[in-house]
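Novice:
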Amino acid sequence: GEIGTLSKFALAQAKADDNKLDEAAALYQELAALSNPILAKDTINFELANLYEKQGKNAEAADLYFNIAKVASEAKDLEGKPVPRSQTARDAKEKLAKLNPEKAKEIVEPEEPSPTDVRSINM
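Take the sequence shown: its position 94, counting from 1, is numbered 96 in the working numbering, and each next residue is one higher.
(1) Taking only three categories from DSSP, how would you classify P112?
(2) Buried or exposed: where does A74 fall if 16 or more other Cβ atoms within 10 Å of its Cβ makes it buried?
(3) Mapping the DSSP letters down to three states, classify K78 as helix, strand or coil.
(4) Leaving out the 5 sequence neighbours to the left and right, which residues in its chain are closer than 6 Å to D44 when beta-carbon positions are compared?
(5) When we look at the beta-carbon of I40 and count the other beta-carbons within 10 Å, is it buried (16 or more) or exposed?
(6) How big is the Cα-Cα spacing for K107 and Q57?
(7) What residues in its chain sit with their C-beta under 8 Å from that of E62, if we drop five residues either side in the sequence?
(8) Taking just the CA atoms, how far does A34 sit from A64?
(9) Report buried or exposed for S122, applying the criterion of at least 16 other Cβ atoms within 10 angstroms of its Cβ.
(10) May I ask which residues mark the beginning and end of the alpha helix (DSSP H) holding G6?
(11) According to DSSP, is P84 part of a helix, a strand, or is it coil?
Put into structure tokens, the structure is as follows:
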């Protein structure tokens with residue numbers, strides 16, 4: 003259930019804080035495999051990518067960061083307009099740019115809606 007999922011996420015964070023990176027990574031991988039809407043997959047994968055970085059697994063970390071940022075860059079609303087990227091997606095792109103600048107260039111940034119576009123949506 004939801005409490006079990008959140009407990010496992012908290013346990014993974016605690017293991018990471020205690021430098022038990024392999025145990026934490028295993029928990030994050032279990033969570034990422036769930037089809038559970040309570041935790042965003044991006045959040046779980048971002049934490050897992052951070053762990054991989056700490057473990058020196060930069061290629062694995064870069065792949066996860068790339069997937070988070072790429073999906074976000076291609077997301078569209080019902081009208082086919084780009085959706086503003088989440089903070090997690092922006093952070094993933096920044097981390098990817100540090101780990102693998104060439105791969106980061108493959109992600110085309112959507113045009114963020116201008117304030118006038120946002121106002122017209124809210125009217």
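A virtual CB, placed ideally from N, CA and C, is assigned to each residue, including glycine.
Since we're looking at a predicted model, the values are computed, not measured.
Specialist: Considering the structure as presented:
(1) In this structure, P112 counts as coil in the three-state DSSP scheme.
(2) buried
(3) strand
(4) I70, T90
(5) exposed
(6) Cα to Cα, the separation comes out at about 25 Å.
(7) Its chain contains A51, Y54 as the residues whose beta carbon lies nearer than 8 Å to that of E62, once the 5 sequence neighbours on both sides are disregarded; these appear in chain order.
(8) Distance between the alpha carbons of A64 and A34 is about 16 Å.
(9) Note that S122 scores 47 on pLDDT, short of 50, meaning its location in the model is unreliable; the coordinates nonetheless yield the value given after this. S122 is exposed by the Cβ-count criterion.
(10) 4-19
(11) strand
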